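Its first residue numbered 1, the sequence shown is counted upward by one per residue in this note's numbering.
In what follows, a structure is listed as C-alpha cells, so that the remarks can point back to it.
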Amino acid sequence: MAVAKLAGAGAPEEAGALFVAATPIGNLDDVSTRLTAVLERASGVAAEDTRRTRKLLHSLGIRIAMVSLHAHNERSRIPELLERLLSGEDLVLMSDAGTPGISDPGMRLVREARQSGIRVSPLPGPCAAVAALSVAGFPADRFHFEGFLPARRAARRARLRQLEAAPETLVFYEAVHRLTAALEDMQQVFGSERRAFLARELTKIHESAYGETLADLCRKAASGTIVPKGEFTLVVGGAGRSGGDEAALESVLKALLGELPTAQAARLGAEIAGVPRRVAYRRALKLHAREQKPC
Ligand code: SAM
C-alpha cells in the first residue's frame with residue numbers, strides 16, 4: 001500500500017506526516033487494514049491513554065513506541081511531536097475510541113502541525129456520533145453535533161433552550177450517570193413528543209437501541225428498561241422536522257376526528273403530518289377526550 005509522503009508548504013522536504021487515526025468504538029474488527037499498514041511503518045503513536053492503545057496494538061500484533069497526549073498535556077507535548085514530524089518521522093494520533101478530535105483530544109496538535117506545513121492525513125473509521133446517526137432513521141442531510149452537554153442542570157437546561165428551535169437532527173454524547181437527568185431536561189425543554197433515539201454500546205455484544213420519543217426514553221430510563229451501563233449516544237429530532245410537523249398534527253386530527261374513528265384518524269393524521277403513529281394516536285385520544293367532556 002502506497003502512502004504518499006508529501007510535506008506541506010513551509011515544511012522541509014524530509015518532514016514526516018501526522019496520521020489522525022480512528023479506532024474501534026467497541027468491536028476490534030473495525031480496525032481498517034490501512035490503519036494497520038500505517039502503524040507498521042510509522043515511528044510512533046501519540047495516544048490519549050497509552051495503556052488502552054497498547055491493548056489495541058497488542059491485538060494487532062504491532063509493537064511501536066508511544067507517548068501520551070491527553071487533554072491535560074496536549075499543549076506541552078506539541079513542541080516535541082512537531083520536532084519529530086519535522087525531522088521526518090511519521091506519527092499516528094489515536095484517542096481511546098473513535099475519531100480523535102471529536103469530543104476527544106487532538107485538535108491542537110492537528111492545528112499546529114498544519115501551521116508548520118506538516119502533512120496531516122486522516123485514517124477514517126469509527127465515530128459514535130456518525131454510527132448512531134446512521135442507524136437512527138433521522139434526517140442526516142444536515143445535523144448538529146452537540147457532544148457532551150454541561151454537567152450541571154442549570155447550565156444544561158440553558159444550553160438545551162438554545163437548541164430548542166434548531167431544525168436539524170441533534171446528536172449528543174452522554175455519560176451513563178447523567179443519562180436520566182439529561183433525558184428529563186430534554187423532555188422538559190423540547191417537549192415529551194420530540195422524537196429521539198438512544199444507541200447503547202454500539203458495535204459491542206450488548207448493542208441496543210431505544211426510541212421513539214423523549215417521553216418513551218424517560219419512562220424506559222426510570223423503569224430500568226434502558227440498562228444503566230455502558231456508553232450512550234442520543235439522537236434527537238430537530239424542531240418540526242424529523243419530528244414531523246407536530247403543529248399541523250392537531251389541526252389535521254381535529255378535521256379527521258369529525259369523520260373517522262379515533263384509531264383511523266390517528267393513522268391517517270400520522271401519515272399526513274409525518275409524525276410517529278404513537279404520537280398521533282396519543283394526541284387523537286386527548287382531543288377525543290376533550291370533545292367528550294361536557295361544557
Ligand atoms: N471520539 C469519539 C468518537 O469519535 O466517537 C468519542 C469520544 S467521547 C469522549 C466518548 C463518548 O462517545 C461516550 O461517552 C459515548 O457518549 C459515545 N460513545 C463512544 N462509544 C460508544 C458506543 N460504542 N456506543 C454508543 N456511544 C458511544
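Here a beta-carbon is modelled for each residue, glycine too, at the ideal position from N, C-alpha and C.
Note that the structure is predicted; figures quoted are calculated from it, not measured.
- Cβ contact annotation for T203 (same chain, cutoff 6 Å, sequence separation greater than five): I25, G26, N27, in chain order.
- DSSP places S208 in the uninterrupted beta strand (DSSP E) bounded by 208-210.
- With respect to A132, A199 sits close: the two C-beta atoms are nearer than 7 Å.
- By the neighbour-count criterion, in which 16 or more other beta carbons inside 10 Å mark a residue as buried, M94 falls on the buried side.
- When E231, P79, E14 are compared, the shortest CA-CA separation from C127 is found for E231.
- Under the three-state reduction of DSSP, T23 is assigned to strand.
- Scanning the segment 155-197 from its first residue to its last, the whole beta strand (DSSP E) runs of 3-plus residues come out as 169-174.
- In this structure, L249 sits away from R290, with a CB-CB distance that is not shorter than 7 Å.
- Within 10 angstroms of the beta-carbon of R41 lie fewer than 16 other beta-carbons, which makes it exposed.
- For L86, the closest alpha carbon among the candidates V31, P276, E207, R119 is that of R119.
- Taking 3 residues as the shortest admissible run, the segment 41-84 contains the following complete beta strand (DSSP E) segments, listed from N- to C-terminal end: 44-47, 65-68.
- Assignment of E146 by DSSP, reduced to helix, strand and coil, places it in the strand class.
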